[in-house]
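The next block holds one structure in the form of structure tokens; read it before the comments.
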Amino acid sequence: MGVKEWMSLADLRSYASFFSNFASDEQITETLKKMHSLREEAEKAGATAANVQRLLSLLETLKVLEKEEAEVELNFSEEHSRLQLEASELEEMIQSDEHGGNSAQDVDHLLANAVDRLNSSKMVFHMFLSNSF
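Numbering (the numbering used here), first residue to last: 18 to 150.
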């Protein structure tokens with residue numbers, strides 16, 4: 018199946034008719050010539066409708082993956098900021114020793130929770146990376 022089958026002369030005429038409301042005859046003629054030239058180049062390069070469809074499918078997949086990547090990066094950034102804030106609070110608590118005799122236990126408990134959440138976030142991020150590539 019060649020390129021001709023996915024962009025016929027009738028299609029080109031249809032486009033020309035549609036765009037005649039927006040462009041001059043010269044612009045339409047020039048555009049049709051360019052489209053015809055591109056179609057010939059694609060045929061010479063061995064382009065087929067199946068290849069074009071595969072490429073379009075891959076481009077759609079790329080868009081979806083880029084969107085997912087942006088979401089993961091945003092979530093990772095938010096989690097990173099939250100954990101940094103928690104670490105700062107822990108440092109302040111240690112320095113001020115506000116909790117009297119139980120401060121070591123409280124700090125240990127808070128640190129353990131923070132480490133668990135950090136490790137969980139890292140695991141989710143690494144799982145995403147391994148599934149994406």
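We put the CB at the ideal spot given by N, CA and C, even for glycine.
Of all the options the options, which has the alpha carbon lying nearest to the alpha carbon of residue i?
i	options	result
L100	Q44, K80, N136, D125	N136
H97	S138, A59, S54, H143	S138
L106	F93, N68, L127, V89	Looking at the sequence provided, one finds Glu at residue 106 rather than Leu. Closest option to E106, Cα to Cα, is L127.
F93	S41, D42, V141	V141
A104	L79, G63, R134, K61	R134
Going by other Cβ atoms of all chains shown within 10 Å of its Cβ, with 16 needed for buried, is residue i buried or exposed?
i	result
R56	buried
S31	exposed
Check this for me: beta carbons of residue i and residue j, under 7 Å apart or not?
i	j	result
V132	I111	no
F145	V81	no
Indicate whether at least one CB of chain C lies closer than 7 Å to the CB of residue i.
i	result
N130	In the structure shown, chain C does not exist; there is a single protein chain.
Can you name, in chain order, every residue of its own chain whose Cβ lies under 7 Å from the Cβ of residue i, other than the five neighbours on each side?
i	result
G83	Checking the sequence shown, residue 83 turns out to be Glu, not Gly. Within the same chain, E83 has no close Cβ partners at all.
- Query: Mind pulling the alpha helix (DSSP H) runs of 4 or more residues that sit fully within the region 37 to 68?
  - Reply: You should have 42 to 61.
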